[in-house]
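Okay, so here's the structure we're looking at.
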Ligand code: GDP
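Numbering (the numbering used here), first residue to last: 72 to 542.
Next comes the structure, spelled out in structure tokens:
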């Protein structure tokens, strides 16, 4: 598949040590040669011809030299260039990377020269899309590239790294291969009904499908259920009447557990959100306004947003002041959140002599409670353990269970499971083989969607639209 040549700045906007311009496609080497003066070449204008230079640069080597505007001989920057010939490259096309000094002006000027020589500005994710279209990686590995870039915790990175290695792809392909084999057998049974006994003897086919397709499918779906939170994170709201200590807790958590955040396009931010790393779980927590009755129109908006945020949250920390009796407002807030997954946080325990805190209504007992002092940091470890416990149950991420499908994969896996189970039932019921074959073919297609063999064009476009330009 011969494609045009694309180029983009691959490093983030801003100044830094180096910036990289990436070029991929059939003209990558000649374009680079046209604007690059290799150290050691004559500097009196009698440059090695472009074609000569392109040929002289060995693949997968770094060359030192200067970027020179071929129209006027102006030197833009001192650079290192790596020229990598197809197919041992990211895209499997010829690729050139120009390491310039990183500054927006020099990068823009160099990119402009590259575009003038005939390259086209790459679309978001187009380099990775080419890697996928050339068959170097499958769709799950392409998705893992974005996951790696957006990882907010070590565990999310571990899951993405497993996926980019191809662990999920291999598991899905193994199930798909097995179903393809079964389909071949069933089609043979359609064509040669006299041999049916041999082919689907004594429920052997059923046992094989059950063990080698249904079980692994169930396992992957279960992995999603238990651990997708590690990659997707949870949204947590901290609510309570004014002055109970919400901001104090937030500040402490942010100080100690703030996650390294990359901006993810498309996230709306009506409240100020922070991402924490609590026991490896990315926890997005909003600094919510106090949920309390007020006539102040500005506060009313804040409170509405808080209520919306609570509805969207996976977990609510409902905070009360343990040093005071409960107020009417505490009861009202509890009514708002008691149907959500929540933790009752009794704060200011340092002010309570016997550490018992206020008397709580019996109906509150269903909500797990924890005593803390946000001011002195007491009980925060236990609070975090409880958050992890509620979010993850007993799941522990290990190398062998790091294959965690994402939501798109999980939906396809569930469809495949349902079709495979229905095929098994049909075999047991001696349903005509033609009908069984249809179920199995659809089950195979469902798996093909995961790895990118039968994925709809719009789904593929949507996946790559999440990338940044230059990746
Ligand atoms: P918010 O309105 O719920 O956000 O409450 P703040 O975090 O602003 O806290 C209100 C007041 O309570 C501040 O003076 C805090 O220093 C104080 N406070 C917060 N947490 C504690 C605590 O654990 N113990 C004590 N003694 N005071 C606290």
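Backbone N, C-alpha and C fix where the C-beta goes; we use that ideal spot for every residue, glycine too.
Item to check | In chain order, each alpha helix (DSSP H) run of at least 4 residues that lies wholly inside the region 153-237 | outcome: 175-187, 197-204, 210-221 and 225-236
Item to check | Alpha-carbon to alpha-carbon, residue 82 and residue 179 | outcome: Numbered from its first residue, the chain shown carries residue 179 at position 108. Numbered from its first residue, the chain shown carries residue 82 at position 11. For residue 179 and residue 82, the distance between alpha carbons rounds to 12 Å.
Checklist entry - Can you give the Cα-Cα distance for residue 483 and residue 517, rounded to whole angstroms? => result Position 412 of the chain shown, counted from the first residue, corresponds to residue 483. Position 446 of the chain shown, counted from the first residue, corresponds to residue 517. Using only the alpha carbons, I get a separation of about 5 Å.
Item to check | Near ligand 1: residue 563 beta-carbon under 6 Å from a heavy atom | outcome: Nothing about residue 563 can be reported from this structure: the residues present for the chain run from 72 to 542 only.
Next on the checklist: What does DSSP give as the partner residue(s) for residue 353 in the beta ladder?
Outcome noted: For the purposes of this step, residue 353 is taken as residue 282 along the chain shown, with counting starting at 1. In the DSSP output, where bridge partners are listed per residue, residue 353 has 348.
Checklist entry - Does the separation of the CB atoms of residue 325 and residue 345 fall below 7 Å? => result Numbered from 1 along the chain shown, position 254 holds the residue referred to as residue 325. Numbered from 1 along the chain shown, position 274 holds the residue referred to as residue 345. Their beta carbons are under 7 Å apart, which means residue 325 touches residue 345 by this criterion.
Checklist entry - Counting pairs of Cβ atoms below 8 Å between the region 171-187 and the region 148-159, do you hit three or more? => result yes
Item to check | Nearest-angstrom Cβ-Cβ length linking residue 477 and residue 214, presumed shorter than 8 Å | outcome: Taking the chain shown and counting its residues from 1, the one referred to as residue 477 is at position 406. Taking the chain shown and counting its residues from 1, the one referred to as residue 214 is at position 143. About 7 Å separates the two Cβ atoms, so the contact holds.
Next on the checklist: Quick check: is any heavy atom of ligand 1 less than 6 Å from the C-beta of residue 204?
Outcome noted: In the chain shown, counting from the first residue as 1, residue 204 sits at position 133. No, ligand 1 has no heavy atom inside 6 Å of this Cβ.
Checklist entry - Is it the case that the Cβ atoms of residue 250 and residue 511 are separated by a distance below 7 Å? => result Counted from its first residue, the chain shown places residue 250 at position 179. Counted from its first residue, the chain shown places residue 511 at position 440. Contact: yes.
Item to check | Helix, strand or coil at residue 321 according to DSSP, with G and I counted as helix | outcome: Translated into the one-based positions of the chain shown, residue 321 becomes position 250. The answer is helix: DSSP assigns residue 321 an H, G or I state.
Next on the checklist: As an exercise, report each continuous alpha helix (DSSP H) stretch of at least 4 residues that is fully enclosed by the region 430-479, in chain order.
Outcome noted: 451-463
Next on the checklist: Can you find the residues in the same chain that come closer than 6 Å, C-beta to C-beta, to residue 117, ignoring five residues on each side of it along the sequence?
Outcome noted: Numbered from 1 along the chain shown, position 46 holds the residue referred to as residue 117. Model confidence at residue 117 stands at a pLDDT of 48, short of 50, so the residue's coordinates are unreliable; what they give is reported in the following sentence. Within the same chain, residue 117 has no close Cβ partners at all.
Next on the checklist: Suppose only complete runs of 4+ residues qualify. What are the alpha helix (DSSP H) ranges in the region 242-293, listed by chain order?
Outcome noted: 267-270 and 275-280
Checklist entry - Whose C-beta lies closer than 7 Å to the C-beta of residue 188 among residues of the same chain, with five residues either side of it excluded? => result For this step, residue 188 is matched to residue 117 along the chain shown. The answer, listed in chain order, is 102, 105 and 106.
Checklist entry - What's the C-alpha gap between residue 339 and residue 347? => result Mapped onto the chain shown, residue 339 falls at position 268. Mapped onto the chain shown, residue 347 falls at position 276. Its pLDDT being 37, under 50, residue 339 is placed unreliably in this model, and the value from its coordinates should be taken loosely. The straight-line gap from Cα to Cα measures roughly 18 Å.
Checklist entry - Which class does residue 78 belong to by DSSP, given the choice of helix, strand or coil? => result The count along the chain shown starts at 1 and reaches residue 78 at position 7. The answer is strand: DSSP assigns residue 78 an E or B state.
Checklist entry - Among all the DSSP beta bridges, which residues are the ones paired with residue 392? => result Counting from one through the chain shown, the residue named residue 392 turns up at place 321. Its beta-bridge partners are 418.
Checklist entry - Do you know offhand how far residue 526's Cα is from residue 479's? => result The residue you call residue 526 lines up with position 455 of the chain shown. The residue you call residue 479 lines up with position 408 of the chain shown. Near 11 Å, if we compare the C-alpha coordinates of residue 479 and residue 526.
Item to check | C-alpha gap between residue 405 and residue 198, whole angstroms | outcome: One-based indexing of the chain shown puts residue 405 at position 334. One-based indexing of the chain shown puts residue 198 at position 127. In a straight line, the C-alpha of residue 405 is about 51 Å away from that of residue 198.
Item to check | Contacts around residue 91, its chain only, beta-carbon distance under 6 Å, and the 5 residues preceding and following it disregarded | outcome: Mapped onto the chain shown, residue 91 falls at position 20. Around residue 91: 81, 82, 168 and 170.
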